[in-house]
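First residue of the sequence shown? That's 586 in the working numbering, and the numbers climb one at a time after it.
Cβ atoms here follow ideal geometry from the backbone N, Cα and C, with glycine treated the same way.
First up is the structure itself, then whatever we jot down about it.
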Amino acid sequence: MSKAPPQASLFDDALNPPAASPLAQSHEPRPSPPPPPPPASKAPQAGADTAGGYSAKDIEVLEGLEPVRKRPGMYIGGTDERALHHLFAEVLDNAMDEAVAGHAKFIEVSLDADGYLSVKDDGRGIPVDPHPKHPGKSALEVIMTVLHSGGKFSGKAYETSGGLHGVGVSVVNALSELVEVTAWKDGFEWRQAFARGKPLGAIEKGQPSRKHGTMIRFLPDPQIFGEGAAFKPARLYRMARSKAYLFGGVEIRWKCDPARIQDQTPAEAVFRFPNGLADYLAEQAEKLETVTPEPFAGRFTRQGEAGAVEWAITWTAEGFGEADGFMRSYCNTVPTPEGGTHEAGLRAALTRGLKAYAELTNEKRGTLITAEDVVAQAGALISVFVKNPEFQGQTKERLSSSDAQRLVEAALRDPFDHWLTAQPKAASALLAFVIERAEERLKRRKDRDVARASATRKLRLPGKLADCAIQASDGTELFLVEGDSAGGSAKQARDRRTQAILPLRGKILNVASAGAEKLGANKELSDLMLALGVQPGAKFKEEDLRYERIVIMTDADVDGAHIASLLITFFYRTMPGLIRAGRLFLALPPLYRLSHGGKTVYARDDAHREELLATDFKGKKPEIGRFKGLGEMMPAQLKETTMDPAKRILARVTLPRSEEAVIDLVEALMGRKAELRFRFIQENAEFATEDLDV
């Protein structure tokens, strides 16, 4: 395919005008790439076995870069768009290696109008002196045309590097229609051009220059990637930007010809992030409310030998839009999308640290925590720099070096412990958040399918439930009463058609201070959920409720109020949707019965009793009886005062628009921390100075 001569790079136009450069003039016009060789003749040779013989002449020996062009998938994972952009990653990795080694401060990435991509750095420059083992060839030509050649095998030129196998830039050369390499080295500018992996002449020494560094400019080969295949500016932009986060000491400059941009990608940008991964994480969580005020972030450098770790982690209940959380890992600035040992080290260090903090604070539920719970809704970034890392595959998508796991665990152990103990309030919030994830995981494992009654499936109902007669939920009510005695009276007082009774035994479990495992094992609460026909937590669906109204009917005394509080806490913690829908009520049974002559009136509480004595029974001495419980009321009395829709009064349980105060109040009064209740009593004692039995 005929191509227009490649234009000089934008960088060259700015600093080295073509008219002043005899080297640039000598390259005008550029020679076109040689056409591919014609296919070999299929005609059988004399003496050949035309019946499918197999002899020495059938054995091919691929030389130079021919194996790459023959099987590109072995080197870059395919020939699709991802593989095409992997060429850029290989060249960018080399420039980043120079920056990480401390020899380069900036990298320029430029996509021109013809689709040529340039990557330039101000590092040491590719060596250009003759190679001792390849007479007549410079080191630059050897690097570009010989597989498994480079300066990263011995570790002398680079302590850590992303390019490890010595095939990166040579593969780019093999799979590009044209590659131009410019090196500023030893006081001069040097250039050499290649077409489909083969040099278009020897290296050329240009004019003197004080600059140092390397620029590689290349165009992917349409014979490999297909006609019309081209770099996507948006993808290149993201890749360059992400690299800048991985090393705070480098500045990456992006430039793209506006004619190639089809979206909102900027034509020019400068990426520099001094705080590295912490800056990246802050951008990802910018509009989210995090569990802790600050992320857990830091950097560790191993003393005495090569090795460094940088990390940044935060947690949010809202999720990051990527299956609630994400983990991104890198080794020597190379992305490892399939994870590996460095991610395993991060998970292990965080899990061990949180379990230790749970033990320190006497939080027994900390034993439930697994690594899955710790990272379930976390945004985590981990970057390691290690010498001679081992990857699975040439594309380096998974790290397999065991040294990386040990390095990460050792690097994070003490900093995470110190981070937790230095901010106990945030640490407690994080621990509670992770324990909640653990309990949700256990719920998902142990949840039992509960369906409403249907023609094909019979609902399992608790034996002590006295259900109503009608199947539809409209107009039905479920009364939750304390004990069998009250349950017996309520069953006789009810309207059997629309009212159901479920007796509960004593005070139910306080779910505000109990774990999911304990909640699931509680028979009273299990029976209650079976009767309601719903499941707790995220699986709660209002349409599954078997009753229109749920009525808490307890004695009108302190114990009854406590039981009602426990039930309200249960509904609020496990199915707040029921309360928001206005389906939860409190019955208001009377505490006193006042009788005089043939007149009987019921009083809800002490204040109501005094009001009746001052009005209905003014000047009289009625007989006053106090109900010790619902079980002492005659069924007719219970129906008249509490259960008959025409005469009773129900109090609907509602939530305020802002639930923060409710959350704090439930935690203070019903949670496991006694000091919060003590503080509440101290702050509110003045409002309860009357009628105290002390």
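For D988, I'd like the list of residues in its chain whose CB is within less than 7 Å of its CB, leaving aside the five on either flank, ordered along the chain.
-> Excluding sequence positions up to five before and after D988, its CB lies within less than 7 Å of the CB of V971, all in the same chain and listed in chain order.
What does a CB cutoff of less than 7 Å around Q977 pick up in its chain, not counting 5 residues either side in sequence?
-> Closer than 7 Å at the Cβ level, and outside the excluded window around Q977, lie R983, S985.
Roughly how many angstroms lie between the CA atoms of Q630 and M659, to the nearest whole one?
-> Its pLDDT being 47, under 50, Q630 is placed unreliably by the model, and nothing is read from it.
Which term fits E1208, buried or exposed, when burial requires 16 or more other beta carbons within 10 angstroms of its beta carbon?
-> Classified as exposed, E1208 has fewer than 16 neighbouring CB atoms from the shown chains inside 10 Å of its CB.
From T886, I898, A1149, pick the residue whose C-alpha is nearest to that of L866; which is it?
-> That would be I898, whose Cα lies nearest to the Cα of L866.
Close beta carbons around P1220, own chain, < 6 Å, minus the five adjacent residues each side = Excluding sequence neighbours, P1220 sits near S1074, Q1077, A1078.
What residue does the alpha helix (DSSP H) around R1165 start on, and which one ends it?
-> Membership of R1165 in the alpha helix (DSSP H) is indicated by the continuous run 1161-1165.
When burial is assigned at 16 or more other CB atoms within 10 Å of the CB, is P1241 buried or exposed?
-> Per the 10 Å Cβ criterion, exposed.
Have a look at Q869 and L650 and give me their C-alpha separation to the nearest angstrom.
-> Counting only the Cα atoms, L650 lies some 42 Å from Q869.
Closest residue to G964 among E1196, G904, S827 (Cα-Cα distance) = Taking only the C-alpha atoms, the option nearest G964 is G904.
Rounded C-alpha distance that separates P1009 from L1171 | Rounded to the nearest angstrom, the gap between the Cα atoms of P1009 and L1171 is 39 Å.
Quick one: what's got a C-beta closer than 6 Å to L935's C-beta in the same chain, skipping five residues either side?
-> Counting only Cβ-Cβ distances below 6 Å, and skipping sequence neighbours, we find V959.
Residue from M1114, R998, F1018 whose Cα sits closest to the Cα of L1046 | Comparing Cα-Cα distances from L1046 to each of M1114, R998, F1018, the minimum goes to M1114.
Reduced DSSP category for P859 - H, G, I as helix; E, B as strand; rest coil | Coil, per DSSP.
Taking Cβ to Cβ, would you say M800 is nearer than 8 Å to S703?
-> Closer than 8 Å, so yes.
So, do the region 909-922 and the region 882-890 have three or more beta carbon pairs nearer to each other than 8 Å?
-> The region 909-922 makes no contact with the region 882-890: fewer than 3 CB pairs, one atom from each, lie closer than 8 Å.
Reduced DSSP category for K770 - H, G, I as helix; E, B as strand; rest coil | It is a strand residue.
Compute the Euclidean distance between the alpha carbons of N1107 and I1148, then round it to the nearest angstrom.
-> Those two C-alpha atoms are separated by around 16 Å.
Ignore the nearest five residues each way along the sequence and tell me which others in T875's own chain have a CB closer than 7 Å to its CB.
-> These residues qualify, in order along the chain: T899, W900, T901.
Based on the DSSP secondary-structure assignment, which residues constitute the bridge partners of K790?
-> The secondary-structure analysis by DSSP pairs K790 across a beta bridge with W775.
In terms of residue numbering, what span does the beta strand (DSSP E) encompassing V1186 cover?
-> Annotation: the continuous beta strand (DSSP E) that includes V1186 extends over 1184-1188.
For A1123, which option in L1163, R1168, V835, P1230 has the closest C-alpha, if you only look at C-alpha atoms?
-> It is L1163.
Determine the burial state of R950: buried for a count of at least 16 other Cβ atoms within 10 Å of its Cβ, exposed for fewer.
-> Looking at its Cβ environment, which holds 16 or more other Cβ atoms inside 10 Å, R950 is buried.
Extent of the continuous alpha helix (DSSP H) to which D1002 belongs = Per DSSP, the unbroken alpha helix (DSSP H) holding D1002 starts and ends at 987-1007.
Give the DSSP-derived three-state secondary structure of R709 in the structure shown.
-> For R709, the three-state secondary structure derived from DSSP is coil.
Spatial distance of R1165 from Y1157 (CA atoms) = When rounded, the distance between both Cα atoms is 9 Å.
Should D697 go down as buried or exposed, given a rule of 16 or more other Cβ atoms within 10 Å for buried?
-> D697 is buried by the Cβ-count criterion.
Expected contact under 8 Å - CB spacing of E1109 and G1060 to nearest Å = E1109 to G1060, Cβ: 26 Å. No contact.
Which residue spans inside the region 915-990 form an unbroken alpha helix (DSSP H) run of at least 4?
-> List check, alpha helix (DSSP H) in window: 926-945, 956-959.
Out of curiosity, what's the CA-to-CA distance linking Y915 and E789?
-> Between Y915 and E789, the C-alpha separation is close to 37 Å.
Three-state secondary structure (DSSP) of M1228 = Helix, per DSSP.
Going by C-alpha distance, which of E957, L939, G1048, K981 is nearest E1025?
-> Comparing Cα positions, the closest option is E957.
Alpha carbon to alpha carbon, what distance is there between A1116 and L1050?
-> Approximately 7 Å between the Cα atoms of the pair.
Going by alpha carbons, who is nearest to L862 out of V855, T850, R884?
-> Closest option to L862, Cα to Cα, is R884.
Beta carbon of T1227, beta carbon of M1160: below 8 Å?
-> Against a cut-off of 8 Å, the Cβ pair of M1160 and T1227 comes out as no contact.
Alpha helix (DSSP H) runs wholly inside the region 1058-1083, at least 4 long, in chain order | Complete alpha helix (DSSP H) runs here, min 4: 1068-1078.
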